[in-house]
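A.B. asks: The structure follows.
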Amino acid sequence: MNGWVSHPAVFYCAVRGLALEQTATENLCGKCLVLGRMAVLSSKSIELMNSFRVLSVVCPLDQVHSQETMFMKRPVLTSYRQDPLRVLALAGLFLLGSTLAPAPAWAQDDADVANVVPGSVEQLRAIQDKVTAVVEKAAPATVCVRAGGGSGSGVIISEDGYVLTAGHVIGEPGRRVTFVFPDGSTARGESLGLNVGIDSGLAKITDEGPWPYVEMGDLEDIKVGTWVVAMGHPGGFDAQRPVVTRLGRVYRMRDNFVQTDCTIIGGDSGGPLFDLEGRVIGIHSRISVSLRQNYHVPITTYTETWDRLAAGEVWNRPSARRGGPQRGGPYIGVQGQLDRNGAVDGATLGQVYPDTPAAQAGLQQGDIVIAIEGQKVASFGDLAAIVGESEPGDELTFMIKRGEREMEIELTVGRRE
Amino acid sequence: MRIGMLISGKRRFLSTYSFGFAVAALACLMLVCPALGQRGQDRGRYAPDSEIRSAFSPLVDTVRQSVLTVIADGDARGLATVIDRDGLALAKASDLIGHEELIVKLAAGEEYPCTIINVDRLNDLALIQVKADRPLIPVIFVKDQTELGEWVVCPGPEPRPRAVGVVATVSRGIESPRLVLGVMLRPHPEGLRVDALTQGYGAEQAGIRAGDVITHVEEQKVLAVQQVAERLNDLASGDSVEVLVVRDGRSMKVSIELQQVRPDPRSRSERMNRMGGEVSQRNTGFQSVIQHDAEIDPEDCGGPLVNLDGEVIGLNIARAGRISSYALPSELVLRRIVELKAGIDAGPDAAGDIEGPVQEAASD
């Protein structure tokens, strides 16, 4: 059959509900592999496929595939009864496979290994080779971070000793930090900036380098299902088991977190999540009850806010909830008036402190702030949140109610001393 | 998924044809809205854990024949790994001790009675004898220099492994928590006065009360806390300690069970450790373990740990917490088998490379 080759092995596996084995995959192009895997997946179809008896799947040996060296080392040509409906069925199956997953031939590049749902020992080995290489490369740069009485993890990303960690590990800028290396040796340094909201944090080794480091990656090739490696110092540094590795897959991705099934625990916080090339793509942040609920700070936020982190800024601290605002953060100088029953639609100012941005802008005690920058303010909490998101120096337009009058007031955000 | 839905139902009559139509129809559907399929592909897919584990099935196809389910008084409590043709097998001791009836179930489905013939208390390893009427298939423990990050597979008797993971860190010993009576002691002219009791430990269970004065431990006069610790040095968790207690001027003999300090279940670290599933009751005190991240259940202990070459490199001995499971490495297992077979109870005296477990009789 001109240009059409069948792969009985694939469907043999599929029918038996087995994973594709090495012997089978060697003979497969990427498309057939996808197809076979799909067949294995749909367990309900197994009964039906039994009726095929001589099970074969067709693979169009088109120009692209015929150029792949790994393709069809041992082509398996099986007799295939001419039956138009059957051809239609198989062609349908194939189309389905190719539409769903226009995958290139297997193992042609790294992205394939990182995203594969393994169906063979060969593929497992490919993953293993990557993981062991990551561990070897990344372990020396995965440090324990001791700051403010607590212990977390971090990862060195430059020769001169910048360390990515979680915001809650360092707590605040300018803290003295001790870094413990897997061999037990230590280095001194200090904490720099943190974005409290997303939990990113930066620290720097101040002792003379050079230090072992790993590259920062990005999230472009990271999808749900991508294999990732988590490392860290769970439970704090332990000389008997220097760095602990976990392998898992991305479970969910959002703007402000990457969720994986790499199980992490206290002490891992701030530790690195790697792609299979050993690039940092996330920093461990928090967990919840399930083993699938491990949350990591996305690496992109470190790249995007590098200057602020390096400058020792603190931002996005929800002052109302987390023990007070932070020095250096945005400040306007007002205090809310308690509104127990939620009777007032807005934020009533109980105090406007003298010589503050609020006072200079002309805000007065008793004013009710109803919007800031066009964003509705329903309570003092809303006001604090909006101001908390701003930066010292930002110009904000406050819409207020004073008695019966509504007015706009321009205010320049100050810096908390 | 769609495929399964469309073709479920009639079995025999559903032939190639209907399948073909269904699939072709679906394919057309997919072609009509390719963007849909495309986007789905870009976001990726989280394949269920079972699908990942299936890929490992060929690796354990032989080994699983040697894995038995141990049923203790009617409940599946663990696994056992066959080590010779005559039915000797290894299991996790603490989960089986104290049960009256032990039965093993083979991969093929047969059931045989079994008995514990020796226990290595230090590593919680039991040697059991399966009374089978046919030869069993033993595993071969392979001493392996494990590589960090390499795959490990935890098979049960079924084709699909129970769990898979990677080697998490270098092999090491896991110390036991210290053993305590559960009393706070203070020197007293006649011995040691019990200041307070720790809830849930041996002393309280034995009826000791605050204010009692302990004068003798194991028939030796005690005047300092350190002396109590010395008296307990050779004992193991679960052993009874004879003490002489003076209460209201009357002296009486009391037997107190020595117990391991348990982590406070309310502490933050312990709550975290238990997030995500049950842990083994005994998950500390091993001479050496391979730590891995396969999410085994406590009932999967006693089964073999297999690498990507299909070799048995260890024996799962504990689900230790959210991030870790422990397996005794083959090298240790092989050494212990020799001693267990020779009838040596490898109790705490055999500690050797691990620190003596008892430090202090007082408790916080």
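As you go down the protein sequences, you meet chains A and B in turn. For our numbering, count along the first sequence from 1 and bump the result up by 382. For our numbering, count along the second sequence from 1 and bump the result up by 31. The C-beta atom is built at its ideal place from N, Cα and C for all residues, glycine as well.
(1) Taking tyrosine 735 of chain A as the reference, give the member of A:Glu773, A:Gly728, A:Ala725 and A:Gln746 with the closest Cα.
(2) Looking at the secondary structure, which residues open and close the beta strand (DSSP E) in which alanine 357 of chain B lies?
(3) Quick check on arginine 797 of chain A: does DSSP put it in helix, strand or coil?
(4) Is DSSP giving glutamine 733 of chain A helix, strand or coil here?
(5) To which residues does DSSP link arginine 631 of chain A through a beta bridge?
(6) Which residue or residues does DSSP assign as beta-bridge partners of methionine 781 of chain A?
(7) CB-CB under 7 angstroms to glutamate 792 of chain A, same chain, minus the five flanking residues each way: which ones, in chain order?
(8) Kindly indicate if chain B contains any beta-carbon less than 8 angstroms away from that of isoleucine 663 of chain A.
(9) On a Cα-Cα basis, can you pick out the residue from A:Val551, A:Arg570 and A:Gly534 that is closest to glycine 543 of chain A?
(10) Considering only residues of the same chain and omitting the five flanking positions on each side of valine 517 of chain A, which have a CB-CB separation below 6 angstroms?
(11) CB-CB under 6 angstroms to isoleucine 205 of chain B, same chain, minus the five flanking residues each way: which ones, in chain order?
(12) If you reduce the DSSP assignment to three classes, tell me which class isoleucine 321 of chain B lands in.
(13) Run through chain B and tell me which residues come within less than 8 angstroms of asparagine 497 of chain A, C-beta to C-beta.
(14) State the DSSP-derived secondary structure class of glutamine 746 of chain A, mapped to helix, strand or coil.
(15) Leaving aside the five residues before and after asparagine 638 of chain A along the sequence, list all residues of the same chain whose C-beta is less than 6 angstroms from its C-beta, in chain order.
(16) I'd like the list of long-range same chain contacts for glycine 785 of chain A, defined as Cβ closer than 8 angstroms, with 5 residues on each side in sequence excluded.
(17) If you count every other CB in all the chains shown that lies within 10 Å of the CB of aspartate 151 of chain B, and 16 or more means buried, which is it?
(18) Pick out whichever of B:Lys372, B:Gly233 and B:Gln258 has its Cα sitting closest to the Cα of arginine 217 of chain B.
(19) If you measure from the beta carbon of serine 533 of chain A to each beta carbon in chain B, is any gap under 8 angstroms?
(20) Any beta-carbon of chain B closer than 8 angstroms to the one on valine 671 of chain A?
(21) For the segment 599 to 612 of chain A, which residues have a beta carbon sitting closer than 8 angstroms to at least one beta carbon of chain B?
(22) Any C-beta of chain B sitting closer than 8 angstroms to the C-beta of serine 502 of chain A?
(23) Cα separation between isoleucine 245 of chain B and serine 582 of chain A?
(24) If we count the other Cβ atoms within 10 Å of its Cβ and call it buried at 16 or more, is lysine 605 of chain A buried or exposed?
(25) Tell me, please, whether the CB atom of glutamine 747 of chain A is closer than 8 angstroms to any CB atom in chain B?
(26) So what does DSSP say about serine 81 of chain B, is it helix, strand or coil?
(27) By Cβ distance below 6 angstroms, which residues in the same chain neighbour alanine 103 of chain B in space, the five residues on each side in sequence not counted?
(28) Out of curiosity, what's the CA-to-CA distance linking valine 775 of chain A and arginine 797 of chain A?
(29) Identify the contact partners of glycine 636 of chain A in chain B, using a Cβ-Cβ distance below 7 angstroms as the criterion.
(30) Is aspartate 106 of chain B helix, strand or coil when you go by DSSP?
(31) What residues of chain B sit near tyrosine 633 of chain A, judged by a beta carbon separation below 9 angstroms?
(32) In this structure, does DSSP put valine 696 of chain A in helix, strand or coil?
(33) As a quick exercise: from A:Ile646, A:Gln641 and A:Arg623, pick the residue whose alpha carbon is nearest that of proline 680 of chain A.
(34) Here's the rule I'm using: 16 or more other beta-carbon atoms within 10 Å means buried, otherwise exposed. How should leucine 720 of chain A be labelled?
(35) What is the rounded straight-line gap between the Cα of alanine 234 of chain B and the Cα of glycine 591 of chain A?
(36) Which residues in the same chain as proline 294 of chain B place their Cβ atom closer than 7 angstroms to its Cβ, once the five residues preceding and following it in sequence are excluded?
C.D. replies: Looking at the atomic coordinates:
(1) Taking the first sequence and counting its residues from 1, one reaches residue 735 of chain A at position 353. Nearest of A:Glu773, A:Gly728, A:Ala725 and A:Gln746 to tyrosine 735 of chain A, Cα basis: A:Gln746.
(2) Numbered from its first residue, the second sequence carries residue 357 of chain B at position 326. Per the sequence shown, residue 357 of chain B should be read as tyrosine rather than alanine. 356 to 360 is the span of the beta strand (DSSP E), which, as asked, contains tyrosine 357 of chain B.
(3) Mapped onto the first sequence, residue 797 of chain A falls at position 415. Here arginine 797 of chain A sits in strand by DSSP.
(4) Taking the first residue of the first sequence as position 1, residue 733 of chain A is located at position 351. If DSSP states are grouped into helix, strand and coil, glutamine 733 of chain A belongs with the strands.
(5) As a working mapping, residue 631 of chain A is identified with position 249 in the first sequence. Its beta-bridge partners are A:Trp609.
(6) Indexing the first sequence from 1 puts residue 781 of chain A at position 399. Partner(s): A:Ala753 and A:Glu790.
(7) Position 410 of the first sequence, counted from the start, is the residue given in the question as residue 792 of chain A. These residues qualify, in order along the chain: Ala743, Glu777 and Thr779.
(8) Indexing the first sequence from 1 puts residue 663 of chain A at position 281. No, because no Cβ of chain B sits closer than 8 angstroms to the Cβ of isoleucine 663 of chain A.
(9) Translated into positions along the first sequence, residue 543 of chain A becomes position 161. Out of A:Val551, A:Arg570 and A:Gly534, A:Arg570 has the C-alpha closest to the C-alpha of glycine 543 of chain A.
(10) Taking the first residue of the first sequence as position 1, residue 517 of chain A is located at position 135. Answer for valine 517 of chain A: Thr627, listed in chain order.
(11) One-based indexing of the second sequence puts residue 205 of chain B at position 174. Once the five neighbours on either side are set aside, the close Cβ partners of isoleucine 205 of chain B are Thr315, Phe317 and Val320.
(12) Taking the first residue of the second sequence as position 1, residue 321 of chain B is located at position 290. Looking at isoleucine 321 of chain B - three-state DSSP - the assignment turns out to be strand.
(13) Here residue 497 of chain A corresponds to residue number 115 of the first sequence, with the count starting at 1. Near asparagine 497 of chain A (Cβ distances below 8 angstroms), the residues of chain B are Gly75.
(14) In the first sequence, counting from the first residue as 1, residue 746 of chain A sits at position 364. Glutamine 746 of chain A: coil per DSSP, three-state reduction.
(15) For the purposes of this step, residue 638 of chain A is taken as the residue at position 256 of the first sequence. Correct list, in chain order: Ile580.
(16) Counted from its first residue, the first sequence places residue 785 of chain A at position 403. For glycine 785 of chain A, where only same-chain residues beyond five positions count, there are no Cβ hits under 8 angstroms.
(17) Translated into positions along the second sequence, residue 151 of chain B becomes position 120. So aspartate 151 of chain B ends up on the buried side.
(18) Against the second sequence, residue 217 of chain B aligns to sequence position 186. Among B:Lys372, B:Gly233 and B:Gln258, the Cα nearest to that of arginine 217 of chain B is on B:Gln258.
(19) Here residue 533 of chain A corresponds to residue number 151 of the first sequence, with the count starting at 1. Serine 533 of chain A does not count as touching chain B.
(20) Numbered from 1 along the first sequence, position 289 holds the residue referred to as residue 671 of chain A. Answer yes: the Cβ-Cβ gap between valine 671 of chain A and chain B drops below 8 angstroms somewhere.
(21) Lys605, Val606, Gly607, Thr608 and Val611
(22) One-based indexing of the first sequence puts residue 502 of chain A at position 120. At least one chain B Cβ lies under 8 angstroms of serine 502 of chain A.
(23) Here residue 245 of chain B refers to the residue found at position 214 of the second sequence. Here residue 582 of chain A refers to the residue found at position 200 of the first sequence. Those two C-alpha atoms are separated by around 56 angstroms.
(24) By 1-based counting over the first sequence, the position of residue 605 of chain A is 223. So lysine 605 of chain A ends up on the buried side.
(25) Start at 1 with the first residue of the first sequence, and residue 747 of chain A comes out as number 365. Taking Cβ atoms only, chain B never reaches closer than 8 angstroms to glutamine 747 of chain A, which makes this a no.
(26) As a position in the second sequence, residue 81 of chain B is number 50, starting the count at 1. Reduced to three states, the DSSP call for serine 81 of chain B is helix.
(27) The count along the second sequence starts at 1 and reaches residue 103 of chain B at position 72. The answer, listed in chain order, is Leu127, His130 and Leu133.
(28) For the purposes of this step, residue 775 of chain A is taken as residue 393 along the first sequence, with counting starting at 1. For the purposes of this step, residue 797 of chain A is taken as residue 415 along the first sequence, with counting starting at 1. Looking at the sequence itself, residue 775 of chain A is glycine, so the reference to valine does not match. Straight-line Cα distance between these residues: approximately 8 angstroms.
(29) Taking the first sequence and counting its residues from 1, the one referred to as residue 636 of chain A is at position 254. For the sequence presented, residue 636 of chain A should be read as arginine rather than glycine. Within 7 angstroms Cβ-Cβ: nothing; arginine 636 of chain A doesn't reach chain B, min ~12 angstroms.
(30) Residue numbering aside, residue 106 of chain B sits at position 75 when the second sequence is read from its first letter. Note: aspartate 106 of chain B maps to strand in three-state DSSP.
(31) If you number the first sequence from 1, residue 633 of chain A lands on position 251. By Cβ distance, chain B contributes Tyr77.
(32) Indexing the first sequence from 1 puts residue 696 of chain A at position 314. Strand, per DSSP.
(33) Taking the first residue of the first sequence as 1, we reach residue 680 of chain A at position 298. It is A:Gln641.
(34) Here residue 720 of chain A refers to the residue found at position 338 of the first sequence. Exposed: under 16 other Cβ atoms inside 10 Å.
(35) As a first step, residue 234 of chain B is located in the second sequence; it is residue number 203 there, counting from the start. As a first step, residue 591 of chain A is located in the first sequence; it is residue number 209 there, counting from the start. Near 56 angstroms, if we compare the C-alpha coordinates of glycine 591 of chain A and alanine 234 of chain B.
(36) Start at 1 with the first residue of the second sequence, and residue 294 of chain B comes out as number 263. Around proline 294 of chain B: Glu301.
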